[in-house]
Amino acid sequence: NKTADAVKQLSESFVVLSDSTTTMDRKNSSGGNNTSFHAQVQALTRIFEVVSDQCQIDCPLCIDCNDNVQRQLKDKVREINEETQSFRRSIAELKSRSRGGAAKTASGTDEKEEEERERKLAAEVEKQVEDIRKERERLNAETLKLEEESERLDSFERKFWEEYQEYQLEVAALQEKQGTIQQKIEMTKQQLEQLKVTNVYDDAFYISSKGSKGHFGTINGFKLGRLPAQSVSWDEINAALGQVVLLLSSISKQVRYEFRSVVLHPMGSYSKIADRKKPDVHNELYNYGSNEFFLRQGSSSSSAGKRFNTALSLLLRAVKELGDYAGTVDPTFKLPKDIRGDKIEGKSIQAVAAEVDWTKAMKYMLINLKTLLAWCAKYSATGLRPLRK
């Protein structure tokens, strides 16, 4: 319709002239070309405006735009035709249903039966609505229950994460504490290893056989012996003998051994030693300052001298007994200096011998004690088991 109106207005905008008028205008065109051209432009402009307003398309159109407009118009015409056909089919179907209903009524369909069907249908619909209402109530109740369960689970989850964070903090604290303890354990192990390889007795009882150019044996710096050309005070000798008794007692306690033949009484410079058979007789292992032992070259006549020599013999016996015990525990152990009776390497331990021989015997005894000291350190480090008595 819009297109038809546009064409109508376009046709009305033209002025139809007769041929004579046209011919006259052509003859007179040479005189009024400019005025005629301007009028034609205005006319065309008016025509394009009218067309643009009616068909909603800017005119004039180029060839490509004209083709696009034609395609769009053709598509619209096709759609309108399809809608028209659809409407026609629907109208025909409605007419057919109307004729069928009228025929059915005419054939004697009872209005009461129709009402009964409608009533049954209404009852069925009401029943379905009631079922739907009940189902909705059930679903609402279940939803409420699920919401309560969800809130309970949310509360449980919050509590769980709070406890989990507390647990993580406790674990971190325990790990830190464990790391500190582990570090202390490692430090303690290192100290223990150092202590295992450290012989405490070497520091407590330092024995040397190179004192005074090798003539004397010393224990903790105390010389043990006398020489004609180099006199050593008896106070120093008594102190050295006291250190020897203390060393023997310490080694026996360390290796859990009890002497069978002697009883030691470490008392510093006034130490004593007794025979296991006569435990009440304490023999003094010290000298009051007399030199008669070395002047007479024989048995001492004084009671103190006899007890001193007896104590020296018992001391040497204790060294041999402890050495024999070490050999039974550790078959590889052996005293470097042989002991037989009251002699060591053939030198008498008693003070009736010459000063040079007695000094050598003391030195040999200290060498054996130093060997026992090293064995004691090995025993402590390796945990050798003592034999049962």
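Numbered per my numbering, the sequence shown spans residues 427 to 815. Glycine included, every Cβ here is placed at the ideal spot set by N, Cα and C. Given the structure is predicted, the values throughout are model-derived calculations rather than measurements.
Please report how far the alpha carbon of residue i lies from the alpha carbon of residue j, in whole angstroms.
i, j, result
"residue 659", "residue 711", "15 angstroms"
"residue 701", "residue 773", "22 angstroms"
"residue 453", "residue 464", "With a pLDDT of 46 at residue 453, under the threshold of 50, the predicted position of this residue should be treated as unreliable, and no value is reported."
"residue 685", "residue 790", "21 angstroms"
"residue 584", "residue 621", "54 angstroms"
"residue 547", "residue 559", "18 angstroms"
"residue 745", "residue 674", "7 angstroms"
"residue 801", "residue 654", "35 angstroms"
"residue 516", "residue 557", "37 angstroms"
"residue 600", "residue 616", "24 angstroms"
"residue 469", "residue 503", "31 angstroms"
"residue 681", "residue 587", "60 angstroms"
"residue 524", "residue 552", "30 angstroms"
"residue 612", "residue 604", "12 angstroms"
"residue 749", "residue 596", "58 angstroms"
"residue 733", "residue 797", "28 angstroms"
"residue 549", "residue 562", "20 angstroms"
"residue 793", "residue 643", "8 angstroms"
"residue 788", "residue 651", "6 angstroms"
"residue 767", "residue 784", "15 angstroms"
By the 10 Å Cβ neighbour count, where 16 or more other Cβ atoms means buried, how is residue i classified, buried or exposed?
i, result
"residue 781", "buried"
"residue 507", "exposed"
"residue 665", "buried"
"residue 649", "buried"
"residue 672", "buried"
"residue 590", "exposed"
"residue 593", "exposed"
"residue 688", "buried"
"residue 566", "exposed"
"residue 670", "buried"
"residue 614", "exposed"
"residue 799", "buried"
"residue 743", "buried"
By DSSP's criteria, residue i is part of a beta bridge. Which residues make up the other side?
i, result
"residue 709", "699"
"residue 691", "698"
"residue 643", "650"
"residue 732", "Looking at the DSSP assignment, residue 732 forms no beta bridge with any residue, so it has no partner."
Determine the closest residue to residue i out of the options, with distance taken between C-alpha atoms.
i, options, result
"residue 386", "731, 656, 706, 614", "An answer regarding residue 386 cannot be provided, because it is not within the stretch 427 to 815 covered by the chain."
"residue 629", "647, 541, 519", "647"
"residue 778", "803, 554, 806, 735", "735"
Please confirm whether residue i has its beta-carbon closer than 8 angstroms to some beta-carbon of chain D.
i, result
"residue 667", "In the structure shown, chain D does not exist; there is a single protein chain."
My assumption, with CB atoms under 8 angstroms, is that residue i sits in contact with residue j. Please give the rounded CB distance.
i, j, result
"residue 776", "residue 738", "6 angstroms"
"residue 633", "residue 761", "The Cβ separation is near 14 angstroms, so there is no contact."
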